[in-house]
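Asks: The structure under discussion is supplied below as structure tokens; questions concerning it will follow.
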Amino acid sequence: MTAGLVAIGPEVQAQAQAPEARQSPQTQEQALRVDVDDARKASANALVAGRAQDALILAQGVLMGHPADLVALFVKARALREVGRPTKALQAARAAWRSAEKPQERYHAAVMMAQMHSAAGHRGRAQLWLRRAAEIAPDEVTRAAAVQDFRMVRRTTPWRFGMDLFLQPSDNLNNAPTEAQEVPGGLISVTPPLEGLRYGAGLNFRYSQMLGAHKRLHYGLYANGTRVRLTDSARQVPGAEEDDLSTALLGGSLTLEAISTGGDRLASGQVSLRRHWQGGVPLADVARLDLSVGQALTPTLNGTAKLGFERTQRHDSGTGNGDRRELGMGLTRRLDSGVLNFEVTAGKTSSQAYNVGRVDGTVVLAFALAEPVAGLLPKLSLQYGAYNYDAPWILLPNGPEREDRTRSVSLDLVLPKMGAYGFAPEIGLSFTDRSSNYTLYDSRGTNLRLGLTSVF
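Residue 164 in full-length UniProt numbering sits at position 164 of the sequence shown, with consecutive numbering throughout.
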């Protein structure tokens, strides 16, 4: 081959064609000699014009003399995808990734890998490559493009997998009271608040099935587990056992969603089953039905109404079984500075247990900033709850019915600039105060949560 020229000969044309489309040697055209730069441009122009087979032939010619030519590898990968050869297209994209050296080249090669994996039906791998593309993007414009492509692939992927890892230091792991309860003849004391570290992980998987243009069905599985490690002083408390404070949960759900033709209303119904463990022993089985409808009231204001039914079957004591009904409403306002959310929920739990049956209500107000401030993306939540139980404390049967009030504030901070591959550290700080007409149920707790979250 003459230096600086590309030979587009019969053997190159035969390699570029699918086996069934190859011509016999007698009918193949004679070799042509084309300048390398002209061959690159011609292959790209042919691809843009929809002539994938011609683009493939030209790209193959360039690669015969320049196996690491990125433009030719990009054109070859896209052309092979267009002619229905996704496996070969993926091989070409992988060769481009190995050959890429400059930041801009590596970014485009990562995007190409994602596109070819998507064409081959590997949606999960495509998302991983788009996360890599966003990570190595040379500027904010290319990063935003990779993030947009990632979200598009995720929307069209029928399954979704999530993982949550966290560490949570706490000064009240057991949610213990802060004071003893006075009764006729003395005081009732219980285990004091235990300090230590709660840590754990959660997994969830969802598969979605379209049931038409406006309906879809979600199949969900989820599990999580937590363990604790007490401080040296907490281990000295009589009856304090780390294993007793471990928890686990395993569940599944089936959700039907329907969206209106105009896209301004979303209705859903969900049936879920789950089992809870405490200290390694089955604690309760819970069956739940949730119904909800969300409506766009204005371009920036959404309203939601929810209805829930739940049945709990306890394994430790049948008296703890209960049926619960909930009604909730919420408003979400999108502002230029962030998102403001307001929710109110009322519920009633029916049970024979004195510490389960109750009427309750909660109010939540939350605000999340849209853009980071000083490298931090904060979300502030305030919550107030009122819980009126059906019975007094069991040791004071003639006393007043128990009434609790809870107040909590939480601040979650995401550090997007410190993340990698679209995952960033998250720091959560919360304080909860519970007051009761029985001091045995007065408690306070401060929790610090460290975890990872996806920022796109």
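From the three backbone atoms N, C-alpha and C, an ideal C-beta is built for every residue, glycine too. Computed from a predicted structure; not experimentally measured.
#1: Starting from Phe74, trace the alpha helix (DSSP H) in both directions and tell me its first and last residue.
#2: Closest to Glu242 by CA distance: which of Tyr199, Leu452 and Gln115 is it?
#3: So, under 8 Å CB-CB, Ala368 and Val409 are touching, yes? Tell me the CB distance rounded to an integer number of Å.
#4: Tell me the rounded alpha-carbon separation between Leu266 and Gly328.
#5: Using DSSP with H/G/I as helix, E/B as strand and the rest coil, what is Asp236?
#6: Alpha carbons only, please: which of Glu310, Pro192 and Leu396 is nearest the one belonging to Gly239?
#7: Output the distance between the C-alpha atoms of Pro177 and Asp139, rounded to the nearest integer angstrom.
#8: Keeping to the same chain, check which residues put their C-beta closer than 7 Å to that of Glu135; ignore five residues upstream and five downstream.
#9: In the DSSP assignment, the alpha helix (DSSP H) including Gly65 goes from what residue to what residue?
#10: With Arg288 and Glu310 assumed to form a contact (beta carbons below 8 Å), what rounded beta-carbon distance in angstroms separates them?
#11: Report buried or exposed for Met112, applying the criterion of at least 16 other Cβ atoms within 10 angstroms of its Cβ.
#12: In angstroms with no decimal places, state the Cα-to-Cα distance between Gly212 and Thr261.
#13: Go ahead and pull the three-state DSSP assignment for Lys379.
#14: Might you give, ordered along the chain, the residues of its own chain that have their beta carbon closer than 7 Å to the beta carbon of Asp54, omitting 5 neighbours on each side?
#15: Just mark Lys76 as buried or exposed, buried being the case when its beta carbon has 16 or more other beta carbons within 10 Å.
#16: Report the option in Arg216, Tyr222, Gln168 and Ser208 whose CA atom is closest to the CA atom of Leu197.
#17: Put Tyr354 into one of helix, strand or coil per three-state DSSP.
#18: Taking one C-beta from the region 387-405 and one from the region 137-152 each time, how about it: are there three or more such pairs within less than 8 Å?
#19: When the Cα atoms are used, what is the spatial distance from Ala49 to Leu80?
#20: Pairing CB atoms from the region 387-402 with CB atoms from the region 103-111, are three or more of them under 8 Å?
Replies: Taking the definition as stated:
#1: Leu70 to Glu82
#2: Tyr199
#3: At roughly 15 Å, the Cβ-Cβ gap does not stay under 8 Å, so Ala368 and Val409 are not in contact.
#4: 16 Å
#5: Contrary to the premise, residue 236 reads as Gln rather than Asp in this sequence. It is coil, neither helix nor strand.
#6: Pro192
#7: 53 Å
#8: Ala420 and Tyr421
#9: Ala52 to Gly65
#10: 4 Å
#11: buried
#12: 12 Å
#13: strand
#14: Ala46
#15: buried
#16: Gln168
#17: coil
#18: no
#19: 15 Å
#20: no
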